[in-house]
């Protein structure tokens, strides 16, 4: 299958058809579980799971900590679909193919997309384990020509030139901040910077990204948010801060590994689950 056909409208339709034939759920809310955040699916009742590898045309992740399952179920009386793992551009896939699951979610009836990720803290006031609500983003890949919207535009997905002024829904950000205050969860709010990866950024690169306005740095999420906005979905973005990015190569900073990120995510994801469970319960859709 050539690359363009792999993420075509017809391919997305076929994937959506397969999923509909293998579940009784009709999801209105989608969640993308970031590295080590697969436990978000634990809040679902009446769970049904479909392996990515069994869905014809669906991209399969090769990254540790991304299980590769679609999990459908209910929370707070609403039907949800969760992606346990995502495909990243650094795996050698185009951003257009990486967002095929978002196109499929739209076809399944999803109106609200909740995107989560593990990210490094560029803001030196952050500490590992902090939860950051994404207010806005900067994408170095997109600014370098790797937008998921590059190429022929299919109007059935969305308009050729979508506005990105309000990607992350303001009303939902307000709701989440209120819930965090009520439940005693410390919630940051800031700008997420996407880099290509898979290597972590150098101290000099971190300082540059800080000057650009980055509070958190990661290798995912932005292309997904763009595709969701392009398809007229409401978007919520949440980063779980896994480490503080090093800013001085002469200091003996701890070398972060992907395994350490996964360990921290597994031990600190409970607050994210608590926050999102309360948020979903309050949604009126």
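In the numbering used here, the protein residues as written are 1175 to 1459.
Backbone N, C-alpha and C define an ideal beta-carbon position, used for all residues, glycine too.
Here the structure is a predicted model, which is why all the values come from computation and not from measurement.
Go to residue 1192, then tell me how far its alpha helix (DSSP H) extends in each direction, as first and last residue.
The count along the chain shown starts at 1 and reaches residue 1192 at position 18. It spans 1183-1195 - the alpha helix (DSSP H) in which residue 1192 sits, taken as one unbroken run.
How big is the Cα-Cα spacing for residue 1331 and residue 1338?
By one-based count along the chain shown, residue 1331 stands at place 157. By one-based count along the chain shown, residue 1338 stands at place 164. Their backbone Cα atoms lie some 16 Å apart in a straight line.
Take the Cβ of residue 1453 as the centre, count every other Cβ of all protein chains shown within 10 Å, and call the residue buried at 16 or more, exposed below.
As a working note, residue 1453 is residue 279 in the chain shown. Under this definition residue 1453 is a buried residue.
For the pair the region 1260-1268 and the region 1299-1311, tell me if three or more CB-CB distances fall below 8 Å.
Not touching, per the Cβ criterion.
Spatial neighbours of residue 1446 within its chain, please: CB distance less than 8 Å, with the 5 preceding and 5 following residues excluded, ordered by chain position.
Against the chain shown, residue 1446 aligns to sequence position 272. Hits under 8 Å: 1211, 1214, 1290, 1305, 1412, 1414.
Give the range of the alpha helix (DSSP H) segment to which residue 1258 is assigned.
As a position in the chain shown, residue 1258 is number 84, starting the count at 1. Counting along the chain, residue 1258 falls outside any alpha helix (DSSP H), though it belongs to the beta strand (DSSP E) covering 1252-1258.
Verify whether the separation of the beta carbon atoms of residue 1459 and residue 1286 is less than 8 Å.
Indexing the chain shown from 1 puts residue 1459 at position 285. Indexing the chain shown from 1 puts residue 1286 at position 112. Yes; because the gap between Cβ atoms is below 8 Å, this pair is in contact.
Taking all protein chains shown into account, do 16 or more other C-beta atoms lie within 10 angstroms of the C-beta of residue 1372, making it buried, or fewer, making it exposed?
Within the chain shown, the letter at position 198 stands for residue 1372. Label assigned to residue 1372: exposed.
Do residue 1230 and residue 1188 come within 8 Å of each other at the CB atom, strictly closer than that value?
As a working note, residue 1188 is residue 14 in the chain shown. As a working note, residue 1230 is residue 56 in the chain shown. A contact, by the Cβ cut-off of 8 Å.
Residues in the same chain with beta-carbon distance under 6 Å from residue 1197, minus the five sequence neighbours each way, listed in chain order, please.
The residue labelled residue 1197 in the question sits at position 23 within the chain shown. 1222, 1246, listed in sequence order.
Indicate whether residue 1284 and residue 1186 have their beta-carbon atoms separated by less than 8 Å.
Against the chain shown, residue 1284 aligns to sequence position 110. Against the chain shown, residue 1186 aligns to sequence position 12. Not closer than 8 Å, so no.
Taking the alpha carbon of residue 1258 as the point to measure from, which residue in 1252, 1296, 1236 has its own alpha carbon closest?
In the chain shown, counting from the first residue as 1, residue 1258 sits at position 84. It is 1236 whose Cα lies nearest to the Cα of residue 1258.
For residue 1287, write down the residues that DSSP places opposite it in a beta bridge.
The residue given as residue 1287 occupies position 113 in the chain shown. DSSP, once it has assigned bridges, lists 1204, 1409 as partnering residue 1287.
What's the gap between the Cα of residue 1280 and the Cα of residue 1267?
Locating residue 1280 in the chain shown gives position 106, counting from the first residue. Locating residue 1267 in the chain shown gives position 93, counting from the first residue. Rounded to the nearest angstrom, the two C-alpha atoms are 21 Å apart.
Say whether the region 1248-1257 touches the region 1199-1210, bearing in mind that this needs 3 or more beta-carbon pairs closer than 8 Å, one atom from each stretch.
Yes, since at least three Cβ pairs between the region 1248-1257 and the region 1199-1210 fall closer than 8 Å, the two stretches touch.
Could you compute how far the alpha carbon of residue 1217 sits from the alpha carbon of residue 1250?
For the purposes of this step, residue 1217 is taken as the residue at position 43 of the chain shown. For the purposes of this step, residue 1250 is taken as the residue at position 76 of the chain shown. The alpha-carbon atoms of residue 1217 and residue 1250 are separated by roughly 9 Å.
Under a three-way DSSP split, which group does residue 1175 fall into?
Sequence index remark: in the chain shown, residue 1175 carries index 1 (1-based). With a pLDDT of 49 at residue 1175, under the threshold of 50, the predicted position of this residue should be treated as unreliable, though the coordinate-derived value follows. In the structure shown, residue 1175 sits in coil (DSSP, three-state: anything other than H, G, I, E or B).
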